[in-house]
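Visitor:
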Amino acid sequence: MWRWVRQQLGFDPPHQSDTRTIYIANKFPLNGLYTPQKFIDNRIISSKYTVWNFVPKNLFEQFRRVANFYFLIIFLVQLMIDTPTSPITSGLPLFFVITVTAIKQGYEDWLRHNSDNEVNGAPVYVVRSGGLVKTRSKNIRVGDIVRIAKDEIFPADLVLLSSDRPDGSCHITTASLDGETNLKTHVAVPETAKLQTVANLDTLVAVIECQQPEADLYRFMGRMIITQQMEEIVRPLGPESLLLRGARLKNTKEIFGVAVYTGMETKMALNYKSKSQKRSAVEKSMNTFLIIYLIILISEAIISTILKYTWQTEEKWDEPWYNQKTEHQRNSSKILRFISDFLAFLVLYNFIIPISLYVTVEMQKFLGSFFIGWDLDLYHEESGQKAQVNTSDLNEELGQVEYVFTDKTGTLTENEMQFRECSINGIKYQEINGRLVSEGPTPDSSDGNLSYLSSFSHLNNLPHLTSSSSFGTSPENETELIKEHDLFFKAVSLCHTVQISNVQTDGIGDGPWQASLAPSQLEYYASSPDEKALVEAAARIGIVFIGNSEETMEVKILGKLEQYKLLHILEFDSDRRRMSVIVQAPSGEKFLFAKGAESSILPTCIGGEIEKTRIHVDEFALKGLRTLCMAYKQLTSKEYEVIDRRLFEARTALQRREEKLANAFQFIEKDLILLGATAVEDRLQDKVRETIEALRMAGIKVWVLTGDKRETAVSVSLSCGHFHRTMNILELINQKSDNECAEQLRQLARRITEDHVIQHGLVVDGTSLSLALREHEKLFMDVCRNCSAVLCCRMAPLQKAKVIRLIKISPEKPITLAVGDGANDVSMIQEAHVGIGIMGKEGRQAARNSDYAIARFKFLSKLLFVHGHFYYIRIATLVQYFFYKNVCFITPQFLYQFYCLFSQQTLYDSVYLTLYNICFTSLPILIYSLLEQHINPHVLQNKPTLYRDISKNRQLSMTNFLYWTILGFSHAFIFFFGSYFLMGKDISLLGNGQMFGNWTFGTLVFTVMLITVTVKMALETHFWTWINHFVTWGSIIFYFVFSLFYGGILWPFSDSQNMYFVFFQLLSSGSVWFAIILMVVICLFLDIVKKVFDRHFHPTNTEKAQMEEDKGSVSSAYEFAESKHRGEDSRHLLAEACSQQDSSYVH
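Numbering (the numbering used here), first residue to last: 1442 to 2588.
1) Touching or not, the segment 1633–1643 and the segment 1598–1612, by the rule of three or more beta carbon pairs under 8 Å?
2) Throw me the rounded Cβ distance for the L2348 and G2443 pair, which I believe falls under 8 Å.
3) Return helix, strand or coil for R2163, following the three-state DSSP convention.
4) Using DSSP bridges, identify the partner residues of P1677.
5) Closer than 8 Å: is that where the CB of Y2313 sits relative to any heavy atom of the ligand ZN?
6) Given this structure, state the Cα-to-Cα distance separating D1888 from K2006, to the nearest angstrom.
7) For L2232 and S2158, which I take to be in contact (beta-carbon distance under 8 Å), what is that distance rounded to the nearest angstrom?
8) If you scan the segment 2126–2163 from start to end, which runs of the alpha helix (DSSP H) of 4 or more residues do you find wholly inside it?
9) Quick check on T1460: does DSSP put it in helix, strand or coil?
10) What span of residues does the alpha helix (DSSP H) with P1477 cover, start to end?
11) At which residue ranges does the segment 1620–1655 contain complete beta strand (DSSP E) runs of 3 or more residues, listed in the order of the chain?
12) Provide the residue(s) that pair with M1994 in DSSP beta bridges, ordered along the chain.
13) How about F1779 and T1746: do their beta carbons lie closer than 9 Å?
14) Measure the alpha-carbon distance for R2166 versus V1842 and round it to whole angstroms.
15) In the DSSP assignment, what residue or residues form a beta bridge with F1697?
16) Going along the chain, which unbroken runs of the beta strand (DSSP E) with 3 or more residues stay wholly within the segment 2219–2307?
17) Would E1559 pass as an interface residue toward chain B - the criterion being a Cβ-Cβ separation below 9 Å?
18) For E2003 and S2160, what's the separation of their Cα atoms in angstroms?
19) Considering only their Cβ atoms, is the gap separating D1585 from A1700 smaller than 9 Å?
20) Which word fits L1552, buried or exposed, when buried means at least 16 other C-beta atoms lie within 10 angstroms of its C-beta?
21) Could you pull out every residue in the same chain whose Cβ sits closer than 6 Å to the Cβ of P1904, ignoring the five residues on either side in sequence?
22) Take E1706 as the anchor and find which of N2290, E1741 and E1655 has the nearest alpha-carbon.
23) Below 8 Å on the Cβ atoms is my contact criterion, and I expect Q2176 with S2209 to pass it. Report the Cβ-Cβ distance as a whole number of Å.
24) Just the C-alpha distance for A2035 and I2023, rounded to the nearest angstrom, thanks.
25) Going along the chain, which residues of its own chain have a beta-carbon closer than 7 Å to the beta-carbon of R1461, five neighbours each way excluded?
26) Just checking my contact of P2385 with A2118 at CB under 8 Å: how many whole Å lie between their CB atoms?
27) Tell me, please, which residues DSSP counts as bridged to T2119.
28) Taking only three categories from DSSP, how would you classify M2168?
29) Taking only three categories from DSSP, how would you classify P1564?
30) Of the choices T1729, N1692, F1811 and L2336, whose alpha-carbon is the least far from that of A1742?
31) When you compare the CB positions of V1933 and Y1965, do they come within less than 9 Å of one another, or not?
32) Between which residues of its own chain and E2152 is the CB-CB distance below 7 Å, once the five residues before and five after are set aside?
33) Looking at the unbroken alpha helix (DSSP H) that takes in R1484, where does it start and where does it end?
34) Name the one or two DSSP bridge partners that M1858 has.
35) Can you tell me the Cα-Cα spacing of P1455 and N2290, whole angstroms?
36) Select from K2031, K1931 and D1971 the residue whose C-alpha is nearest the C-alpha of I1984.
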């Protein structure tokens, strides 16, 4: 029973075997000879609380705060012993704080529950009892056969059974998982691929045995045992059979798959980090300061208790005649009396710990978060999306960021590739309005003027090529030029793995260079976005890829359909960095077309304009364009026979297959003729380069973490300014072992130390990163810290989170921020101190699980440099001001005990004790913390270096904290002793000779203190609005009005009438008014002098900007006055001239 309870609570999970057995369609064996396994349901949970654990879990998290826990103890003490103040003074504020915080956090979690319910309640179709049943996503069970239609998202991890294609293949995009927008092909086993209807699937009897769930997106091992005609057929299952939750079905009408992993066991969910409570650096500083103040409080209580008993050693003070002890008091234990007195002093001084600080901070964060949503500069007009705040607890953390980790696809880029330029046979062309425009001299344009390549010519000497001449050159040059262009664009149209969604060939490409026809009628899906852009460009130019059927590729050239037999595909891999196809032309000739990075294609070429093309590729790269080179080779029958045999042997080898394939590819892809190069732009989002440069100027290091290929990632890093052209790029890629990785890291470290001038950038891939993090974390971190920019490619989602975790726990403990737009970014968003979701094209998983959501990467600059800066300055001042005003409040109470024999007599009336933090001093600091703008927002955004002034929690440093604390103590001494010396010699301050009493003295101290702390807040305010004026001066006026009202009436429900007419008497004395003004001026004079001295002799960058801004506003005001004065002079002269003219007419 106890074990079951522990399992239900999650402390003792049930034992699981290494594999799971899944009966497809849940057709269990009738003989019962199997061990049933329990699987979880398909619900996704991103929320933090449930109905059952909300109260205990939320209370536990809230009482982790030092102030909350402390006031709980004080409240219990007040309940147990006789104390100078009522338990309500501690219990009521504590209850208010806990309730407000719980409501706020409960509301935020309720939004997450709604989001989960939307996902879990999505409709799906499941095969049950021989029919198709509509149900909700959360009801899918392991073993269910699920039907998915085109463009739908997979609701669970499915093993593909069949599709609408005869071969059982389908295409999916995993953009929301790994950031790749290219299409991936998945295939079913042959025995199930033919089961394309519900009725056929109902006859399937099969079992899947596979590994237990794991987070690796690219790893899956299992087998399917199919029973047909009393025989068992075993088929292996790999990643190509697994359709992951979160991926989307493309270019396929429908598929059927069996659920193998559901709910929180899907690979997408396993890559989520558990939702944990994030705490800002400011909150941690608050807890540290509270502990210091708690030590001060306990010290004051101990000192007061010791001095009380020291004083009472004299008999006349131990039991004075006017305060005789009871018999019980005389016989009570001295230890218990000491403890009781200590606790009483603790309660008396407990207001030095400001519980209202937490209430104000919560209100400031909650109300302040609305300003982000209201900011029109963060509104994206095209999509109609405004910034969203999912948690308001981290507003000030936006001003402390030291590292930004960003995804690439969809975050930095628009996820849209566009063909821009190409180089053909040493001549560079641009695409302008669907036409190729040459930039250099061509055979028909020797003077170098722009010329248009407008159509192809029919080539008589090459039967398999069709074109028509329009170049106006000699026949030999014409034929050669047309041949090169024709071959180039045929290579582009044939050397790819592009798929077509809907083929409508009529009227496509019938005229030369029809720019608008192909894209509107053909929907291409490519294995990489580059391929899609290139095939679309070729279609606009007139060579249209129509599609492929089994072993045939169809191309339409200027209206004429040609079929090429696809003989072999030499797939792309990161080592070769190229791909090739071998095709047979309609004429029977065989060609090899190759496409790849210039570093992998150019060394294999023996012909063509190699040097010119190399120069053009460098020029393209300098523009930030993604480049690929195209080459070809015509194969003889004997050459093809050798190639075919070697490929067959390599592909059927059981041992060292990858090595043999690599050798075969190396043998085939040589002695090529270079055709040219292409340049494609992965269009960056607007102002990405400027934003990254601004982040650098602000002292923030930018890391790009992407699941994309190395070449793509480096190209985008260069184009967005993350890597500079002058930067020395270091690489840690393709490491195979720990020793190899360690040696490479040492070499990189040596290179960095040997070169002190050049900036370094680091490129690391996921495999090498795993090795580096396993054994060599310190060495890896040393290399990273000395690099200006780091790019991590081929990253699994959890690896992204591990990298951020590594930076977080480094000795410097920097504040990290993660930006992403897909489900693959959720882990790093949740791991970072601050998570930003981009509301892009890859769903809303990242936005839902983030702390803040914005529509574009460029908005990050204003979010950090303006909102982050303001929030941090506001809350830092709020925290220190609260401690300052509470020191001012309670220190006179401590000093007063020296003058009342430590009898625990309060200096202030209980109403003043209760209302000081709640009413009299709460609004000025709250409004300041919401509206303060110590510098113009435009200046902050245009000068990112100002962000450095607030980095590393500088405003809440121990030096600043001690300054505010010492300031509070010094002001408190002036309040108390200034009032004491005024009244201490029994001098009458009233005209009738009447003396002041202790309540009058306490009220005088309270009045001076209230005015001083309010004016101090006014001195800290730079940005004045009518609201600031209203609450600042209104608070002082409210205090005077309230005190007159409170002391002018005998309240029937009050136990004592201590304050009756006290305030009237106090204000009737002119000396008191003079004393109040004098003490306020003395308190604030030294503070003002220090501010002026620091501002003029040791100004920060922010203060310099403030002075420049002030000078600018003064000069503009002066210019306005001058212009106005000149205008008045002009009008005066004009009036005089008119009057003289009128008088002349009169004469």
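Where a beta carbon is used, it is the ideal one built from N, C-alpha and C, also for glycine.
Guide: The structure says:
1) yes
2) 4 Å between Cβ atoms; contact.
3) Sequence inspection shows His at residue 2163; the Arg mentioned does not correspond to that position. It is coil, neither helix nor strand.
4) R1664
5) Looking at this structure, you won't find the ligand ZN or any other ligand, since it has none at all.
6) The predicted model places D1888 with a pLDDT of 42, which falls under 50 and marks its position as unreliable, so this point remains unresolved.
7) 5 Å
8) 2129–2138 and 2151–2160
9) strand
10) Note, P1477: premise wrong, no alpha helix (DSSP H); not H, not E.
11) 1624–1628 and 1647–1652
12) Answer by DSSP bridge pairing, in chain order: N1989 and Y2005.
13) Yes, the Cβ-Cβ distance between F1779 and T1746 is below 9 Å.
14) 26 Å
15) R1588 and S1603
16) Listed in chain order, the complete beta strand (DSSP E) runs (minimum 3 residues) inside the segment 2219–2307 are 2230–2234, 2257–2261, 2275–2279 and 2293–2295.
17) Included in the structure is just one protein chain, with no chain B present.
18) 38 Å
19) yes
20) exposed
21) Caution is warranted here: a pLDDT of 35 is assigned to P1904, below 50, making its placement in the model unreliable, and the coordinate value is therefore given only provisionally. Result list for P1904: S2028, in chain order.
22) Checked all of N2290, E1741 and E1655; the closest Cα to E1706 is E1655.
23) Right, the Cβ-Cβ distance comes to about 4 Å (below 8 Å), so this counts as a contact.
24) 9 Å
25) Q1478, C1651 and Q1653
26) The Cβ separation is near 37 Å, so there is no contact.
27) C1863 and L2069
28) M2168 falls in the coil class under three-state DSSP.
29) strand
30) Selected option, being the one with the closest Cα: L2336.
31) Remark: C-beta atoms of V1933 and Y1965 do not approach each other more closely than 9 Å.
32) Taking C-beta separations shorter than 7 Å and ignoring five residues to either side along the sequence, the partners of E2152 in its chain run R2018 and A2038, following chain order.
33) Run containing R1484: none; DSSP gives neither H nor E here.
34) D2123
35) Low confidence applies to P1455: its pLDDT is 47, below 50, so where it sits in the model is not reliable, and the reading given next is rough at best. For P1455 and N2290, the distance between alpha carbons rounds to 29 Å.
36) With distances taken between CA atoms, I1984 lies nearest to K1931 out of K2031, K1931 and D1971.
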